[in-house]
Amino acid sequence: MKPAEYYMRDRLHHPPAKSENYKTSVTRSPQYALLSLENSLSEITGPVFSHSDIDPLDNDLLKNYSHSGDPIGERIIVHGRVLDENARPVPNTLVEIWQANAGGRYRHKKDTYLAPIDPNFGGCGRTMTDQDGYYYFRTVKPGAYPWRNWVNNWRPAHIHFSIFGAAFAQRLITQLYFEGDPLITKCPIVQTVPDADAIDQLVAKLDMNASVPLDSIAYRFDIVLRGRRSTLFENRLEGN
Amino acid sequence: MKYLKETPSQTAGPYVHIGLAPRAAGFDIFKQELGWDIAGPNAKGERIRVEGCVYDGTGAPIKDVLIEAWQANADGHYAHPEDGRGVEDGFRGWGRVITDFDTGLWGFDTIKPGATPGRNGTTQAPHINLWIVARGINLGLNTRMYFDDCDNSDDPVLNLIEQAHRRQTLIATRSEGDKGVTYRFDIRIQGQDETVFLDI
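Sequences listed follow chains A and B, in order. Start counting the first sequence at 1; every next residue gets the next number (our numbering). Start counting the second sequence at 1001; every next residue gets the next number (our numbering).
Quick look at the structure:
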């Protein structure tokens, strides 16, 4: 059996384009309905990456911008698998992350928050999943920080994730939150996601077994990309 | 039936550059940033530049947007195993650009793609697939850019757009000047002349 189309994206499981409480979305959301397409070659293909695109240290945020030592903060491991909706691993796919430092400050010329830049922390990393779809990063736990929305909004600690999958149709950007963070329920960006189970998918779980004693505490974060149908009968995607 | 559910999307936020284009954020960390060279040195076809702005619902340019492009080569082949027809050495067909923080203008250099196979024996007019993320965009927006000097009349996707005048929102305008061939493609997220976005 050959693979066919990707499963329709369940848009009720994602945030709507316009979420009144996340103010910036109000003028950055299309008003007209999206045009729904059946997959063509343009959608079932996507960029292919290899280990030569990245460096081995790129997944170690404790070391990849270290100048005079390790960054300040709680040392953590973030790991998990990239799967599709059929629970099959997504191997050899690029995973990129970015985050604030332990004080909640980004190394970005547009971030002017009071908390200081950490001279030993860049805040970005990337890696490829292995044959089982497994990935891991080492970093520091990011701090919460205030942002302009309502007058007193704070982002829960989070790490941004960018995942490619095997096709342009699977491309996804999301955010990881940390189990037990009381800011999760108060955040208008988290709450753009309409479903409690869907929000729970964004919450990394404390993983004591994967923690390294006397060194780093681990969080587990599995990511699910769109799954794909198999062709049972011959009705070919590309015609003729 | 038991299936997993896709991980829900969250906005890329204002600091997307740190992760995906750190030099733009103001620092150097990776030996190579990804996505700046779409076609590579050996690609056949016409060398072109694509430029534009992304506008919000008030008509203001969005200055913190990130766009990814995915395209076929001049023969209409994608650099992907499921195409399998082959591309020039070094042709990836994928690019990533950010807007200028002051003006909101974005642009990338590439080659003009060829026509690609559509479904059921149809042919898709040459196009570049685009994916747009930014602060305030909760789920990345997909669209396509077509070329105003190509025959787009039989394109199966453009012809799905019920209001024929809205097809124009997906067609870039060619000009030729000192810098070579440039196609202008402005994207309007919301409002009058809103770009047609795709649920792929």
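We treat Cβ as the ideally placed atom computed from N, Cα and C, and that holds for glycine.
A/Lys159 versus A/Leu202: straight-line alpha-carbon distance, rounded: Within the first sequence, residue 159 of chain A is the residue found at index 159, counting from 1. Within the first sequence, residue 202 of chain A is the residue found at index 202, counting from 1. The displayed chain sequence assigns Ile, not Lys, to residue 159 of chain A. Looking at the backbone, the Cα of A/Ile159 and that of A/Leu202 are separated by about 10 Å.
Contact set between B/Tyr945 and chain A, taken where Cβ atoms lie within less than 8 Å: Here chain B covers residues 1001 to 1200 and nothing more, so residue 945 of chain B does not appear.
Through-space distance from A/Ser40 to A/Arg228, alpha-carbon basis: To locate residue 228 of chain A, count along the first sequence from 1; it is residue 228. To locate residue 40 of chain A, count along the first sequence from 1; it is residue 40. Going by C-alpha positions, A/Arg228 is about 13 Å away from A/Ser40.
A/Arg75 to A/Ile217 span [Cα, whole Å]: By 1-based counting over the first sequence, the position of residue 75 of chain A is 75. By 1-based counting over the first sequence, the position of residue 217 of chain A is 217. Cα to Cα, A/Arg75 sits roughly 7 Å from A/Ile217.
Closer than 7 Å to chain A by CB, B/Ala1025: The residue labelled residue 1025 of chain B in the question sits at position 25 within the second sequence. B/Ala1025 counts as touching chain A.
Terminal residues of the beta strand (DSSP E) in which A/Ala210 lies: Here residue 210 of chain A is taken as the residue at index 210 of the first sequence, counted from 1. For A/Ala210, there is no enclosing beta strand (DSSP E), as DSSP marks it with neither H nor E.
Residue-level contact to chain A via CB, B/Gly1040, 7 Å cutoff: The sequence position of residue 1040 of chain B within the second sequence is 40, counting from 1. Cβ-Cβ to chain A under 7 Å: no for B/Gly1040.
Same chain only: Cβ atoms within 7 Å of B/Ile1029, ignoring 5 sequence neighbours per side: Translated into the one-based positions of the second sequence, residue 1029 of chain B becomes position 29. Result list for B/Ile1029: Pro1022, in chain order.
B/Asp1100: contacting residues in chain A (beta-carbon distance under 9 Å): As a first step, residue 1100 of chain B is located in the second sequence; it is residue number 100 there, counting from the start. Close partners of B/Asp1100 in chain A (Cβ separation under 9 Å) are lacking, with about 13 Å as the shortest Cβ gap.
Sequence-distant residues of the same chain with beta carbon closer than 6 Å to B/Pro1113, five excluded per side: Looking up residue 1113 of chain B in the second sequence gives position 113. Hits under 6 Å: Gln1071, Ala1072, Pro1126.
Distance, B/Ala1164 Cα to A/His108 Cα: For the purposes of this step, residue 108 of chain A is taken as the residue at position 108 of the first sequence. For the purposes of this step, residue 1164 of chain B is taken as the residue at position 164 of the second sequence. Computed Cα separation, rounded: 43 Å.
Under 7 Å from the C-beta of A/Thr192: neighbouring residues of chain B: Here residue 192 of chain A is taken as the residue at index 192 of the first sequence, counted from 1. Those within 7 Å of A/Thr192 in chain B are Asn1138.
Counted within 10 angstroms of its Cβ, other Cβ atoms place A/Cys185 as buried (16 or more) or exposed: For the purposes of this step, residue 185 of chain A is taken as residue 185 along the first sequence, with counting starting at 1. Rather than Cys, the amino acid found at residue 185 of chain A in this sequence is Thr. A/Thr185 counts as exposed, since fewer than 16 other beta carbons sit within 10 angstroms of its beta carbon.
Cutoff 7 Å; reference B/Ala1134; Cβ partners in own chain excluding five residues on either side: Reading the second sequence from its first residue, position 134 is the one you call residue 1134 of chain B. Here the set comprises Ala1012, Ile1062, Asp1064, Val1065, Leu1066.
Nearest-angstrom Cα separation, counted from B/Gly1026 out to B/Arg1096: Here residue 1096 of chain B is taken as the residue at index 96 of the second sequence, counted from 1. Here residue 1026 of chain B is taken as the residue at index 26 of the second sequence, counted from 1. Distance between the alpha carbons of B/Arg1096 and B/Gly1026: 17 Å.
Chain A within 7 Å of B/Arg1184, Cβ atoms only: Your numbering for residue 1184 of chain B matches position 184 in the second sequence. No, its Cβ sits nowhere closer than 7 Å to a Cβ of chain A.
9 Å Cβ cut-off: residues of chain A touching B/Arg1175: Counting from 1 along the second sequence, the entry for residue 1175 of chain B is found at position 175. At residue 1175 of chain B the sequence reads Ser, which differs from the Arg that was named. Listed along chain A, no residue sits closer than 9 Å to B/Ser1175 by beta-carbon distance, the nearest being about 26 Å off.
C-alpha distance - B/Val1016 paired with A/Trp98, whole-angstrom precision: Working through the second sequence from its first residue, we reach residue 1016 of chain B at position 16. Working through the first sequence from its first residue, we reach residue 98 of chain A at position 98. So the alpha carbons of these two residues sit roughly 8 Å apart.
Those residues which DSSP pairs with B/Met1145 across a bridge: Within the second sequence, residue 1145 of chain B is the residue found at index 145, counting from 1. According to DSSP, B/Met1145 bridges with B/Ile1128.
Chain B contact residues for A/His51, given Cβ-Cβ distances below 9 Å: As a first step, residue 51 of chain A is located in the first sequence; it is residue number 51 there, counting from the start. The premise fails here: A/His51 is roughly 12 Å from chain B at the closest Cβ pair, so nothing lies under 9 Å.
Enclosing beta strand (DSSP E) for A/Ile223 [first to last residue]: In the first sequence, counting from the first residue as 1, residue 223 of chain A sits at position 223. For A/Ile223, the uninterrupted beta strand (DSSP E) run begins and ends at 223 to 225, by DSSP.
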